[in-house]
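Each remark here refers to the structure printed beneath this line.
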Amino acid sequence: MIIRLAVTLLSLLFLDAKAQLFEMTSSRNQDLTTKSMRNENVFFTIDTNKMSLKTGDKTYYYEAVGSNFSNGILTLQVLDLKDETVMVKFSSSAKVLDYYLGSYGIRYFLDKVEKPKTEEELAADTIKKELTEEELAARDTMVYESAEVMPQYPGGKQAMLEFLAKNVRFPAQAKKLDVKGFVLVNVTIEKDGSIKHIKVRKDIGGGCGEEAERVIRLMPAWTPGEDKGETVRVSVPISVSFMQK
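Listed below in structure tokens is the structure:
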């Protein structure tokens with residue numbers, strides 16, 4: 025049992041110089057003299073100063089003293105309750121732990137080694153998760169100026185120009201003032217393709233800005249934009265022509 029516990033400590037020190045808490049299980053061991061095999065399930069926990077081993081309904085506690093790592097082998101000293109020193113040699117590549125008490129030797133085959141997270145690490149994970157959720161929320165509401173795949177009017181640009189030409193009504197005031205030119209409007213194409221946040225960026229007067237907004241509100245839903253494989257909100261400029269014939 026001391027051996028199995030030593031396995032846990034050894035793995036801990038090998039994997040983390042700070043020797044934080046580790047948990048380990050082993051289900052098989054071998055007598056290094058007779059080569060006989062034995063099946064035995066054992067659960068271990070260990071930190072820098074102490075170790076515990078549980079098998080069946082019994083739990084044993086040990087004190088860890090001394091360790092050295094060289095040439096890929098970790099050598100560990102474990103002191104049991106009788107003050108007997110056990111020497112343990114662990115190889116990460118072989119995934120075995122060799123245990124020696126005097127001339128007696130036994131090899132433990134390691135099934136599972138885990139490093140439970142500390143309270144500080146769990147708290148850090150919580151903060152990281154919250155930040156990630158905030159980032160996702162920000163990404164969800166972000167309006168992109170450009171995207172890998174830009175939004176598209178149904179049928180493409182030519183279809184949009186035809187829609188505008190068919191639906192734009194030249195304002196009477198614009199005719200009276202002989203106003204002509206282009207009204208530049210920015211809109212947000214939402215993730216569902218709907219048009220929101222219509223804003224005139226460049227007006228030419230005579231009611232043309234208001235007419236441009238009216239016509240754009242009549243547009244059908246667009247094919248939304250995409251960025252990094254995700255549907256996103258994208259700001260799109262639309263130029264509406266007001267040229268008197």
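Residue numbers for the sequence shown follow the numbering used here, so the first one is 25 and each next one is one higher.
Beta carbons: idealized from backbone N, C-alpha and C, even for Gly.
Can you give me the start and stop residues for the beta strand (DSSP E) that ILE213 sits inside?
Taken as a continuous stretch (DSSP letters only), the beta strand (DSSP E) holding ILE213 covers 205–213.
Which residue wins for smallest C-alpha separation from ARG257, given the options GLY230, ALA236, VAL239 and ASN210?
Of the listed residues, the one whose Cα sits closest to ARG257 is ASN210.
Under the three-state reduction of DSSP, which class applies to GLY217: helix, strand or coil?
It is coil, neither helix nor strand.
What are the uninterrupted segments assigned as alpha helix (DSSP H) that are 4 or more residues long and contained completely in the stretch 163–201, given in chain order?
Fully enclosed alpha helix (DSSP H) runs of no fewer than 4 residues occupy 181–191 and 196–200 of the stretch 163–201, in order along the chain.
Would the stretch 180–194 and the stretch 215–222 be scored as touching if the rule is three or more Cβ pairs under 8 Å?
No, the stretch 180–194 does not touch the stretch 215–222.
Exposed or buried, what is ARG131 when buried is set at 16 or more other beta-carbons lying within 10 Å of its beta-carbon?
So ARG131 ends up on the buried side.
Can you list, in chain order, the residues of its chain whose CB lies under 7 Å from that of GLU235, leaving out five sequence neighbours each side?
Same-chain partners within the cutoff: VAL192, ARG193 and PRO195.
Using the three-state DSSP reduction, which class does ALA245 fall into: helix, strand or coil?
Assignment of ALA245 by DSSP, reduced to helix, strand and coil, places it in the coil class.
Short of 6 Å in beta carbon distance, which residues of its chain neighbour LYS139, apart from the five on each side in sequence? Order them along the chain.
Here the set comprises PHE46.
Expressed to the nearest angstrom, what Euclidean distance is found between the alpha-carbon atoms of LEU100 and SER94?
Put simply, the backbone Cα of LEU100 is about 11 Å away from that of SER94.
Straight-line gap, SER263 to LEU201 (C-alpha atoms, nearest Å):
A direct Cα-to-Cα measurement between SER263 and LEU201 gives close to 21 Å.
Would you kindly report the start and end of the unbroken beta strand (DSSP E) that includes ALA88?
Membership of ALA88 in the beta strand (DSSP E) is indicated by the continuous run 82–94.
Which residues share a DSSP beta bridge with ASN65?
Bridge partners of ASN65: none, in fact.
Hey, would you say PRO248 sits closer than 7 Å to PRO178, going by beta carbons?
No, the Cβ-Cβ distance between PRO248 and PRO178 is not below 7 Å.
Do LYS113 and LEU134 count as a contact pair if the criterion is CB distance below 7 Å?
For LEU134 and LYS113, no; Cβs fall outside 7 Å.
Please report whether the beta-carbon of LEU134 lies at a distance below 7 Å from any beta-carbon of chain C.
Reference to chain C is not applicable here, since this structure consists of a single protein chain.
In angstroms with no decimal places, state the Cα-to-Cα distance between GLY231 and THR150.
Pairing GLY231 with THR150, the inter-Cα distance amounts to about 54 Å.
One question on the structure: do LEU125 and VAL102 come within less than 7 Å of each other, judged by their Cβ atoms?
No; because the gap between Cβ atoms is not below 7 Å, this pair is not in contact.
Going by the CB atoms, is the gap between GLU169 and SER91 shorter than 7 Å?
Against a cut-off of 7 Å, the Cβ pair of GLU169 and SER91 comes out as no contact.
Among PHE266, SER76 and GLU87, which one has its Cα closest to the Cα of LYS204?
Considering only alpha carbons, the answer is PHE266.
If you compare alpha carbons, which of MET61, GLU172 and ASN53 is closest to TYR123?
Looking at the Cα atoms, ASN53 is the closest of the given residues.
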